[in-house]
Amino acid sequence: MPVKLQTNYSEFFPQLKTDLLYLDTAATALKPQCVIDALTDFYSREYGTVHRAIYDLSSQATTRYQKSRETIQKFLNAKKASEIIFTKGTTEAINLIASSFGQAFITPGDEILITTLEHHSNIVPWQLMAQERQAKLTVVPIDDEGNLLNFEQYLTPRTKIVSLTALSNAIGVMPPLETLIPLIHSFGAKVFIDGAQLAPHHPVDLQTLDADFFAFSGHKTYGPTGIGVLYGKEELLNMLPPYQGGGDMIDTVSFEKTTFNTLPTKFEAGTPPIAEVIALDTAIQLLQEIRLETIHDHVLSLTTLAHSLLTTIPNLNIIGPKQPQGPIISFTIDGIHPLDLGTFLNVHHVALRTGHLCAQPLLNRLGHTSLARLSFGLYNTEEDVYRFIDHLKQVIASLR
């Protein structure tokens with residue numbers, strides 16, 4: 001039986017006060033009213049810049065901004081708040097590390113390792129860095145369910161960094177990070193974890209996980225757009241050059257030389273997204289109040305229910321693991337293009353993702369160019385699953 005939350009959290013989300021059936025949380029999560037209020041209240045009554053002035057609005061905004069960093073430190077169980085860097089999102093975090101780590105550590109002939117499971121944002125930055133540094137980009141293959149194949153044989157003494165997803169956005173498979181990270185470290189390589197799909201619905205303990213870098217996006221974590229988080233071990237971040245230059249990330253500037261600020265400001269050039277950081281704090285506090293363990297059990301139980309019901313539909317093919325590992329299911333239906341399916345489901349006010357899912361190499365490996373994907377959030381219910389199945393059957397019948 002699905003695990004039911006004691007509170008119906010859909011009531012916290014104003015967009016769900018209509019007949020919308022939202023099943024695209026893996027793309028972006030809807031926003032609870034408390035996050036919307038945090039944004040508007042800050043802009044309407046409390047707005048001020050940070051780190052730059054002594055007047056009350058500025059000092060109060062700075063205090064709240066720093067509190068948000070401490071909230072996220074605890075959310076991830078990082079050692080220090082200074083290891084938390086604010087970015088625009090996971091994509092910028094990956095680009096930051098690819099660029100700065102590449103400058104600091106990658107030399108011609110070195111190797112970067114990724115997997116077939118990756119989102120485009122965890123492929124392209126490493127391609128660019130490999131081209132720039134004359135390094136080799138190696139890809140770990142998968143089987144038909146998304147399991148990594150012969151991972152260890154792709155690690156060599158020249159492997160400098162491995163970047164991999166914690167939870168595939170396309171097929172919902174979770175690589176065994178608890179065994180992979182120690183293995184990677186045994187070869188002397190560093191580890192970057194794309195946590196964009198993991199952080200919203202699964203507890204993260206970075207001190208136990210021992211990843212060198214980890215990133216997630218605010219908008220997938222029930223927070224605003226334009227804000228993300230990069231974690232890095234302090235000793236590594238101190239060894240990396242800045243990613244961008246500008247205000248706040250400097251210590252002293254002259255026409256002859258610039259010295260840089262300490263962590264985390266060294267990597268946060270310019271006026272930051274202050275309101276978004278504060279609203280993300282509100283979103284994270286909501287997740288902590290509900291408890292990530294509870295959210296994980298809830299969304300996984302909904303996914304398991306949906307998976308079992310989908311397997312009863314003739315000519316429907318679930319792509320990925322045989323049993324759900326995260327709140328994501330992708331599928332095809334023989335004779336119906338996913339884009340047609342999504343278009344007709346939209347008539348029933350069902351929102352789900354169709355297309356290549358920003359994972360073209362993965363889909364190519366699995367023999368597809370397009371999939372339909374449903375993904376669950378804390379606001380979804382057992383009723384949503386049954387509504388979706390009913391609408392799906394209606395659409396299939398109309399397209400036959």
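Using our numbering, the letters of the sequence shown correspond one by one to residues 1 to 400. Backbone N, C-alpha and C define an ideal beta-carbon position, used for all residues, glycine too.
As summarised for the stretch 124-151, the continuous alpha helix (DSSP H) elements at least 4 residues long and confined to that stretch are 124-133, given in chain order. Note: residue 180 is not bridge-paired with any residue in the DSSP secondary-structure output. When beta bridges are read from the DSSP output, residue 93 appears opposite no residue.
Between residue 123 and the set 354, 163, 74, 155, the nearest pair of CA atoms involves 163. Counting of Cβ neighbours within 10 angstroms places residue 50 among the buried residues, the total reaching 16 or more.
Spanning the alpha carbons of residue 132 and residue 218 requires a straight line of approximately 30 Å. Where residue 190 is concerned, there is no enclosing alpha helix (DSSP H), although the beta strand (DSSP E) around it starts and stops at 190-194. Using a Cβ-Cβ distance cut-off of 8 Å, the stretch 50-65 and the stretch 298-313 are not in contact, since fewer than three pairs of beta carbons, one from each stretch, lie closer than that value. In the DSSP secondary-structure assignment, residue 277 is not bridged to any residue. In the structure shown, the three-state DSSP call for residue 46 is helix. Between residue 242 and residue 222, the C-beta gap is not smaller than 8 Å, which leaves the two residues out of contact.
Taking the CA atoms as reference points, residue 154 sits about 18 Å from residue 178. In this structure, residue 36 keeps its C-beta atom at 8 Å or more from the C-beta atom of residue 284. Distance from the CA of residue 113 to the CA of residue 42, rounded to the nearest whole angstrom, comes to 42 Å.
Looking from the CA of residue 24, the closest CA among 31, 74, 392, 373 belongs to 373.
Fully enclosed beta strand (DSSP E) runs of no fewer than 3 residues occupy 250-253, 258-260 of the stretch 241-317, in order along the chain. For residue 160, the uninterrupted beta strand (DSSP E) run begins and ends at 159-165, by DSSP.
Residue 255 counts as exposed, since fewer than 16 other beta carbons sit within 10 angstroms of its beta carbon.
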